[in-house]
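Single-structure report; data block below.
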Amino acid sequence: MSAKFTSRSVLQAFKRHVSARANTARQESTDAAGLQGLQVSKLPNGVTVASLDSTTSPVARVVLVANVGPRFEESDQLGITHCLRVSVDQANKSKTAFELTRHLTQIGANLSCTATRENLMYSLDCLKDNLDIGVSCLVSAATQQAFKPWEIQDCQQRIVFEAAVVEQQPEARLTEMLHQVAYRDTLGRSLYAPSHMFGKYSSEMLMEYVNKNFTAERMAVIGLGIGHKQLTRYLKTMSVPGSGSNTAKAAKYSGGEVRHEIGGDTAYAAIVTEGLGSQNKDAVALSVLQCVMGCGPTIKWSNGSAASKIIQAAGQATDQPFATSCINTTYSDSGLFGFYAVAQASQMGQVLKAVLSEFGSVTKNGVADQDVQKAKMQVKACAAMMSENGSNVIQNIAQQLLSEGTVQSQEEFFRLVDSVSKQDVVNVAKKVINGKPSMAAIGNLSTTPHLDELM
Amino acid sequence: MAVAAKKVAVTVWKMTLAKWAYNKSYFPSLGMMRDDCLYETDVVQEAIKRLPNNVYDARQFRMSRAISLSGCKDTLPKDEWTKLEEDELYLQPYIAEVERERDIKREWNKQ
Numbered sequence: 079m080s081a082k083f084t085s086r087s088v089l090q091a092f093k094r095h096v097s098a099r100a101n102t103a104r105q106e107s108t109d110a111a112g113l114q115g116l117q118v119s120k121l122p123n124g125v126t127v128a129s130l131d132s133t134t135s136p137v138a139r140v141v142l143v144a145n146v147g148p149r150f151e152e153s154d155q156l157g158i159t160h161c162l163r164v165s166v167d168q169a170n171k172s173k174t175a176f177e178l179t180r181h182l183t184q185i186g187a188n189l190s191c192t193a194t195r196e197n198l199m200y201s202l203d204c205l206k207d208n209l210d211i212g213v214s215c216l217v218s219a220a221t222q223q224a225f226k227p228w229e230i231q232d233c234q235q236r237i238v239f240e241a242a243v244v245e246q247q248p249e250a251r252l253t254e255m256l257h258q259v260a261y262r263d264t265l266g267r268s269l270y271a272p273s274h275m276f277g278k279y280s281s282e283m284l285m286e287y288v289n290k291n292f293t294a295e296r297m298a299v300i301g302l303g304i305g306h307k308q309l310t311r312y313l314k315t316m317s318v319p320g321s322g323s324n325t326a327k328a329a330k331y332s333g334g335e336v337r338h339e340i341g342g343d344t345a346y347a348a349i350v351t352e353g354l355g356s357q358n359k360d361a362v363a364l365s366v367l368q369c370v371m372g373c374g375p376t377i378k379w380s381n382g383s384a385a386s387k388i389i390q391a392a393g394q395a396t397d398q399p400f401a402t403s404c405i406n407t408t409y410s411d412s413g414l415f416g417f418y419a420v421a422q423a424s425q426m427g428q429v430l431k432a433v434l435s436e437f438g439s440v441t442k443n444g445v446a447d448q449d450v451q452k453a454k455m456q457v458k459a460c461a462a463m464m465s466e467n468g469s470n471v472i473q474n475i476a477q478q479l480l481s482e483g484t485v486q487s488q489e490e491f492f493r494l495v496d497s498v499s500k501q502d503v504v505n506v507a508k509k510v511i512n513g514k515p516s517m518a519a520i521g522n523l524s525t526t527p528h529l530d531e532l533m
Numbered sequence: 023m024a025v026a027a028k029k030v031a032v033t034v035w036k037m038t039l040a041k042w043a044y045n046k047s048y049f050p051s052l053g054m055m056r057d058d059c060l061y062e063t064d065v066v067q068e069a070i071k072r073l074p075n076n077v078y079d080a081r082q083f084r085m086s087r088a089i090s091l092s093g094c095k096d097t098l099p100k101d102e103w104t105k106l107e108e109d110e111l112y113l114q115p116y117i118a119e120v121e122r123e124r125d126i127k128r129e130w131n132k133q
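Chains as they are written, first to last, in the numbering used here: chain D, 79 to 533; chain W, 23 to 133.
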């Protein structure tokens, strides 16, 4: 990069340098509580690094997040993210599986891999003194995968087991079915491997997927309880497996209906329409609307009809046990908004109709002021309580950094929530609730109506 | 210059001896490679488990052909014998890796 050293450009560079120094000094001197101490920079290899130091806890957490979820799978690679996730502890280019496990147990650290539909997060928790070994284990597990063929074969058992566990949980299957019917591909891809792919993941397939998708601009490393200079120093030798840029296919919502009859006493159903992505300016208003509709009981073991409008409505339609909650799932460019209900098989029709009419009445009759106030308090309280846990904080920072490039502090978020007015909530309700619906149902569906019978 | 010439001379002599010894051995006349004949210790067995499928199948073929030939007290025609230049020590990388892993385990378990 050639630079013309005119006096003007030198002066501008000097000004930038001075103001950057002042900013850093200001950040470092601020109390590390909240996100004010957050420092974000870019490594020479292009990976974003963020760190938030804290002096109170001896635990440090480092998360390496890659924008590589099931969303990016091609149709011949279904479930490859599941395979990537379970092979986190296998041999990599710098450590054998045995060495990796022993290093981590020796320093008392936890290394895990979490997958959302958009991101794969490799997280490490360890004590601050052991960060050098910990971070080297993390980086080798996340970026230097070796995918030895005989170890991949051993991983297949884990994939089969996890898929079998999910098979036993109708709620988990319902979520997968709902996404599949709403989005088809991209966000509709399941988090878990399909049975026709068991044993079919090969070393070459995984290596190709990693080399295509683990690119520098889609990766970030976030440290909590570790200083920025220290973290950057540990990451100096990190190499990025992928190269080039791979733009994500935009998630296209289609809508539809899918049912799966498995018998039993209960029926599970979810009905959604397209919600808003996290970058949409009305996303906060939609969260408020979610709490207006009701997110389940706020007092443990209560039936929740005082807290939740939809529980109240469904409770009037049936006297048998049921559960219902409003869903608001947000991804970077799209989302799902609706509700999920579980009821006795014979009552499902009534429950669904009651909850749907509650959603309909919001678009027709609006919402009450005190409901909006209550919902705003609930949203803020929920966000505050989630941020009590370090691993929630770091995952939140990770997802925001990747999808938006900046991280919103809690104060900013609270200000946004407070600025939501009743009219905003009604407008977003009309926009979202009147969209094309998707329905997924599993269980004993003898009285569960089809989507066209409900609308 | 004199030193370099001496090195080459030793290698050529060694190569000739190696070729003579190889051709006098039994296993090339049955079409086998040296790594097919290794005694199957634990390390070698683990290395064999890690062979890619095509290499493993070729090994199995050579071994079955050799067994049936030696059963008839026969050998392959002279032009089909394995030559020293064609012999590939395919198992050595896997053996090295298994041994390295065992050494690492032993080091860790010493403490």
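Quick reminder that beta carbons are idealized off the backbone N, C-alpha and C, glycines included.
Please determine, among D:T484, D:P272, D:K508, the residue with the shortest C-alpha to C-alpha distance to D:D298.
Rather than Asp, the amino acid found at residue 298 of chain D in this sequence is Ala. Ranking the options by Cα distance to D:A298, first place goes to D:T484.
Taking 7 Å as the threshold (C-beta atoms), are D:N505 and D:R534 in contact?
Lying outside 79 to 533, the shown extent of chain D, residue 534 of chain D is not represented and no answer is given.
Do the region 171-189 of chain D and the region 283-296 of chain D touch if we need at least three Cβ pairs shorter than 8 Å?
no
Write down the C-beta distance between D:N197 and D:Q486 rounded to the nearest angstrom, noting that I regard them as a contact closer than 8 Å.
At roughly 17 Å, the Cβ-Cβ gap does not stay under 8 Å, so D:N197 and D:Q486 are not in contact.
Would W:R72 count as contacting chain D if we go by Cβ distances under 7 Å?
yes
8 Å Cβ cut-off: residues of chain D touching W:K127
F176
Does D:W379 have its Cβ less than 7 Å from a Cβ in chain W?
no
Under 7 Å between beta-carbons, which chain D residues line up against W:E123? List them in chain order, please.
T174, F176
Can you give me the C-alpha to C-alpha distance between D:S214 and D:L121, rounded to a whole angstrom?
16 Å
Chain D within 7 Å of W:Q82, Cβ atoms only:
no
Starting from the Cα of D:F292, find the closest Cα among D:Q222, D:K327, D:L309 and give me that residue.
D:Q222
How many Å lie between D:F239 and D:R251 at the Cα?
15 Å
Could you please tell me which residues of the region 207-228 of chain D, in chain order, have their CB closer than 9 Å to any CB of chain W?
K226, P227, W228
Interfacial residues, the region 242-263 of chain D to chain W, with Cβ spacing under 9 Å:
none
Residues near D:S65 by beta carbon distance below 8 Å, same chain, minus five either side:
A question about residue 65 of chain D goes unanswered here, because the residues of chain D that appear run from 79 up to 533.
Of the residues that make up the region 177-208 of chain D, which ones have a beta carbon closer than 7 Å to any beta carbon in chain W?
E177, R180
Enumerate in chain order the residues of its own chain whose CB-to-CB distance from W:V120 is below 6 Å, with the five nearest sequence positions on each side excluded.
V65, E68, A69
For W:W103 and W:S51, which I take to be in contact (beta-carbon distance under 8 Å), what is that distance rounded to the nearest angstrom?
5 Å
What's the gap between the Cα of D:K359 and the Cα of D:S481?
14 Å
Rounding to the nearest angstrom, what Cα-Cα distance links D:R195 and D:T407 in this structure?
11 Å
Quick test of your reading: D:V318 and D:N123, contact by CB under 8 Å. State the CB separation rounded to the nearest angstrom.
5 Å
Can you tell me which residues form a DSSP beta bridge with D:C233?
Bridge partners of D:C233: none, in fact.
Listed by chain order, chain D residues near W:W130 by CB distance under 7 Å
R180
Mapping the DSSP letters down to three states, classify D:M517 as helix, strand or coil.
strand
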